[in-house]
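For any residue, its number in my numbering is found by taking its place in the sequence shown, counting from 1, and adding 96. Note that the Cβ used here is the ideal one computed from N, Cα and C, for glycine as well. Predicted model, so just to flag it, every value in this text is computed and none were measured.
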Amino acid sequence: MRPYQTILFDFDGVLCRGKFYEKTLLPNYSEIYNWIQINIFGDSKLAKDWMKGRVSSRNINKLIAEHTNIREDTLNKLYEQSVYLMEPDEIVEWRWFSLNSLPSPLFFPSAKMIENYRSKAFYLSQNR
């Protein structure tokens, strides 16, 4: 039997519920959370560069710290904590599909990632 390759996509509400920083910054740091939503995710180029690995999470946290009243080391700890606060048990259903028989329609970002996977267009360090 040929082994399967596994591809996991983590979009809001899939493996975790909520946006980046939501569980660690709300309600105690709501002003900072709002600043992030506007200035990090509102700037689609910055968010895209981050998601593609062109900008590191630490660089994002440094930028946030420079423009808000939270220390960078505190933000780094809160960001790392957020990984532990994911709720994979909230997933309603797991289903497995061959890449040749995926359900339709697919969530647009998932379809794009699969298209990139098939064309071997990955965002690796040599492509940065």
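query: Inter-stretch contact (C-beta, 8 Å, three-pair minimum) for the region 112-131 and the region 171-178; result: yes
query: I128 and T164 closer than 9 Å at C-beta; result: yes
query: Burial state of Y125, where buried means 16 or more other Cβ atoms lie within 10 Å; result: buried
query: Cβ neighbours of I132 in the same chain (closer than 7 Å, five flanking residues each side left out); result: Y117 and I160
query: Three-state class that DSSP yields for S197 in the structure shown; result: helix
query: The alpha helix (DSSP H) enclosing S206, as first and last residue numbers; result: F204 to R214
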